[in-house]
Amino acid sequence: MGYRIHFTAADLARTRIAPSPQPLLETSIAVRVLQETTDSVAFGAWRQQVRARLHPTARMILDLVPPRGWSPNFFHPSYSPLGAEEALEVVRATPKKLIVQELEFIAGRQRVPRWTQRLRDDPQLLGQLFDGLGHVYAQALSPYWPRIRTCLEADRALRAREFARGGVERVLAGLSPRCITWRPPVLDIVTASGFDEDMYLDGSGLLLVPSWFGSRCPVIEAEALPQPLVTYPAHREPGTLPLVPSPRPDADAGRVPAPLVALLGRTRAAVLHAIADSPGCHTTELARRLGIAPASASEHATVLRAAGLVITARHRNTALHTATAVGVALLNSPLPAG
1 MGYRIHFTAA
11 DLARTRIAPS
21 PQPLLETSIA
31 VRVLQETTDS
41 VAFGAWRQQV
51 RARLHPTARM
61 ILDLVPPRGW
71 SPNFFHPSYS
81 PLGAEEALEV
91 VRATPKKLIV
101 QELEFIAGRQ
111 RVPRWTQRLR
121 DDPQLLGQLF
131 DGLGHVYAQA
141 LSPYWPRIRT
151 CLEADRALRA
161 REFARGGVER
171 VLAGLSPRCI
181 TWRPPVLDIV
191 TASGFDEDMY
201 LDGSGLLLVP
211 SWFGSRCPVI
221 EAEALPQPLV
231 TYPAHREPGT
241 LPLVPSPRPD
251 ADAGRVPAPL
261 VALLGRTRAA
271 VLHAIADSPG
281 CHTTELARRL
291 GIAPASASEH
301 ATVLRAAGLV
311 ITARHRNTAL
321 HTATAVGVAL
331 LNSPLPAG
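For what it's worth, the UniProt record's numbering labels the leading residue of the sequence shown as 1, then goes sequentially.
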């Protein structure tokens, strides 16, 4: 069983990688992971931290987004470049009729809480539901978002290189051996709901959305606008990319910790600047751009990575470097006088 997406030549031509992250879509996926016990190495510390901070109002969201099965699409708008706060306002403006229809659809396939029947006539309860969604984002995603966003940006750079080397079919074939299989012209997907269906794109193409938390089962939205979307696990190199770090207060983002003393050299600062300017650049590109030896570029990138200023994704024999949020903040911070 699985979800089968059928492509035509026109669909392949219109298939693309999402140009920006989707915080509320990622929140819905994270809620599933929060309720599981698998992948404890990757998510155990994050689960412990988030569960300790969640208010009881979050229970409404957890009840509607189970670890397996259907979940409401109205918890996140169709793909857009909106940030989390703007996206939450769009979600709050969802027509009540659409909310009721979607919950009735889900109720026909799995058990839903009884209180959902009151949403049609209880605006206060509906407001509490959306407040709960905002609270879950604030506790489960927001403190970690800079690191997650950096990982997603690195993944997009990696997929762009794959596209340049072998076109969209090479990208589709490498999305996730675990749960996504490309058998031209069909993309076979294992879903959290266990849904078994065929979808024909009919020329619309497909939007591919990298996800930090979606390592097990992709999310599929056949009705998304302007085109259907599917999430896939963002590439993470074990032992290279920290999975989910402890939250870092915003006030600390621009401070220079002790490990950054090594960055005071001119060449190393230039390497950091070049990586931030060209996310996903590889070591040879760095060396060529700065006029230094590849071995020197690699050494500087290694120190920057150890200091938490860049991450490196290894794909085959190529190391792709991307600046972290801390690295970008350091570059943007005013230098002290004197």
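Glycine is no exception: its CB is placed at the ideal position from the N, C-alpha and C atoms.
| request: Return the bridge partner residues of E221 from the DSSP annotation. | output: L229
| request: Could you check how far apart the C-beta atoms of A287 and A323 are, in whole angstroms? I think they sit under 8 Å. | output: Incorrect: roughly 17 Å between the Cβ atoms, too far for contact.
| query | If we count the other Cβ atoms within 10 Å of its Cβ and call it buried at 16 or more, is V33 buried or exposed? | reply | buried
| If we cut at 8 Å on Cβ distances, does G83 have a partner in chain C? | Within the model displayed, chain C is absent; a lone protein chain is all it includes.
| In this structure, does DSSP put V298 in helix, strand or coil? | It should be noted that the sequence gives Ser, not Val, for residue 298. Looking at S298 - three-state DSSP - the assignment turns out to be helix.
| said: Quick check on G338: does DSSP put it in helix, strand or coil? | reply: At G338, the pLDDT of 44 sits below 50, so the modelled position is not reliable; the number obtained from the coordinates is stated separately. Reduced to three states, the DSSP call for G338 is coil.
| task | Along the alpha helix (DSSP H) that carries V186, what are the first and last residues, could you check? | result | Here V186 belongs to no alpha helix (DSSP H); instead the beta strand (DSSP E) covers 186-189.
| query | Tell me, which residues are paired with M199 by DSSP? | reply | I5
| message | Between which two residues does the alpha helix (DSSP H) holding S20 run? | response | Premise fails: S20 is in no alpha helix (DSSP H) and is neither H nor E.
| message | Less than 8 Å between the C-beta atoms of L64 and G134, yes or no? | response | no
| Using DSSP with H/G/I as helix, E/B as strand and the rest coil, what is S71? | coil
| Per-residue DSSP class, three states only, for I106 | helix
| message | Determine whether the beta carbon atoms of A301 and V271 lie at a separation below 8 Å. | response | yes
| request: Could you name the residues of the same chain whose beta carbon sits closer than 8 Å to that of P66, not counting the 5 residues immediately before and after it, in chain order? | output: R32, Q35, Q110
| Helix or strand or just coil, what does DSSP make of V256? | Because V256 sits at a pLDDT of 36, beneath the cut-off of 50, its placement in the model cannot be relied upon, and the following sentence gives the value as read from the coordinates. The answer is coil: DSSP assigns V256 none of H, G, I, E or B.
| said: Measuring straight from C-alpha to C-alpha, what distance separates P242 and S215? | reply: Only weak support exists for where P242 lies, its pLDDT of 38 falling under 50; the coordinates are left without a value.
| query | Does DSSP put H321 in a helix, in a strand, or in coil? | reply | strand
| request: Could you say which of L201, L25, R165 lies nearest to W212 if we only look at CA atoms? | output: L25
| Which two residues bound the contiguous alpha helix (DSSP H) that contains S40? | 40-53
| task | Please state if the CB of I5 and the CB of L225 are separated by a distance shorter than 8 Å. | result | no
| query | Ends of the beta strand (DSSP E) at I275? | reply | Segment 266-277 is the alpha helix (DSSP H) holding I275; no beta strand (DSSP E) there.
| request: Using beta-carbon positions only, say whether R289 and A274 come within less than 8 Å of one another. | output: yes
| message | Any heavy atom of the ligand ZN closer than 7 Å to the beta-carbon of A45? | response | Within the structure as shown, the ligand ZN is missing, as the structure has no ligands at all.
| Given 8 Å, three or more beta-carbon pairs between the stretch 131-146 and the stretch 47-60 | yes
| field | Limits of the beta strand (DSSP E) - the one that T181 falls within | value | 180-183
| said: For G174 and R183, I'd like the C-alpha separation in whole angstroms. | reply: 12 Å
| Proximity winner among V326, R236, A269, relative to A319 (alpha-carbon distances) | R236
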